[in-house]
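Under my numbering, the first residue of the sequence shown carries the number 165, and numbering increases by one thereafter.
Cβ atoms here follow ideal geometry from the backbone N, Cα and C, with glycine treated the same way.
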Amino acid sequence: MAAVLAAGTLPWRRRRGALQVAMVHRPRYDDWSWPKGKLDPGEAFPAAAVRETLEETGLRVRLGLPLPTSTYTAGNGRRQVKEVRYWAAEVAGGDGALEHEVDEVAWLDLPTAARRLSYAHDQDQLAALAEADARGVLSSWPLALVRHAKAQPRGGWTGDDWLRPLDDIGALQAGELVPLLGAYDVQRLVTSPSTRAADTLAPFATALGVKLRTKPGLSEEGYAVDPAKAPHHLRRVFDRGVASALCSHGPTLLGLVDEVLARVEPRGDDGLLARSVVSDALETGMAKGEVLLLHVVGTGADARVVAAERHHPRDRA
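Structure below.
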């Protein structure tokens, strides 16, 4: 029997200098836990985490650092395995209206929250959030490196290669980036001017109401002429420190490996994991339509990557 897939968040805030997290009470089970819920068909984990948090707490959140995944056997009579992925999340808005499954939302300091939790498997996420805060990396900004979605084959295209468009699957992949990038509150979009790259971010740009910033140095042709331009554009993104997505091509993204790895947090298990994720994605290659999500603390020369996650496109084989 396949595992039940779910996603949730640990919403956090500071009040009078104290870190607090939001928990929900479900009268049906008389338990206290994190806001979470099952994925809708075809839904990505981050999108589900944001949607479920809004439905259960009335709060709109933006995802931050990934937290430990919880895997346990649900006591629903069928003894089915449940896998729940979590993120730390900052509140971006919302009216706090509760849905029927939840009758109370409580903002608690971390020691009180640890005592209030009903399930042992919910303690791991709280401990990870506390550890991130102690390291000064809880508040981060996202940088999404995107490989353009699936395009029409080169062999069947008679025009200039940079004008080659997305195919039907690529158009679907581009649409699915809208809730994914939205979950991290991405605001600034930088892309190769090639049609297949710009059209990958176009649906999100339309949904967000922002313009695409095209950079010839991020195209395959531009990278072949001057390989230094792509890392330069990436450094400009780090300089700004604004939640951003950068869309480019396989060979060009490979040219960004050194720039990204130089900024990966060098200490601890989290740094090793982030380095492994980045190396695997950029050196062995990202799938078309894939997102490498970097969590960054600081700006400019001080910007460092403290966590990384990969989001693969939906399998349509």
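- Bounding residues of the beta strand (DSSP E) (the contiguous stretch that carries Gly228): Residues 223-238.
- Close Cβ partners of Pro175 (< 8 angstroms) along its chain, the five nearest in sequence each way excluded: Val185, Ala186, Pro199, Thr217, Thr221, Leu223, Val225, Ala253, Glu254, Val255
- Message: Residues in the same chain with beta-carbon distance under 8 angstroms from Arg190, minus the five sequence neighbours each way, listed in chain order, please.
- Response: Ser197, Glu265, Val266, Asp267
- Item | Residue range of the beta strand (DSSP E) that includes Lys200 | Following the DSSP letters along the chain, one finds Lys200 inside the beta strand (DSSP E) bounded by residues 200-202.
- Query: Along the chain, where does the alpha helix (DSSP H) that runs through His459 open and close?
  - Reply: Note, His459: premise wrong, no alpha helix (DSSP H); beta strand (DSSP E) at 455-461.
- Item | Distance between Pro367 and Leu107 (C-alpha atoms, nearest Å) | Outside the displayed span of the chain (165 to 481) sits residue 107, for which this structure offers no information.
- With 16 as the cutoff for other CB atoms within 10 Å, does Asp363 come out buried or exposed? buried
- Just checking, does the segment 412-422 make contact with the segment 313-331 on the three C-beta pairs under 8 angstroms criterion? no
- Message: According to DSSP, simplified to helix, strand and coil, what is Arg249?
- Response: Three-state DSSP puts Arg249 in a strand.
- Give me the Cα-Cα distance between Arg360 and Lys452, rounded to the nearest whole angstrom. 10 angstroms
- Query: Who are Val469's beta bridge partners in DSSP?
  - Reply: Val428, Val460
- Query: Given that a residue counts as buried once 16 or more other Cβ atoms are within 10 Å of its Cβ, and exposed if not, what is Trp321?
  - Reply: The Cβ neighbour count for Trp321, taken over all protein chains shown within 10 Å, is under 16; the residue is labelled exposed.
- Task: Would you list the residues sitting across from His475 in a DSSP beta bridge?
- Result: Val455
- Message: Checking 8 angstroms against the spacing of the C-beta atoms, do Ala213 and Asp204 come in under that value?
- Response: no
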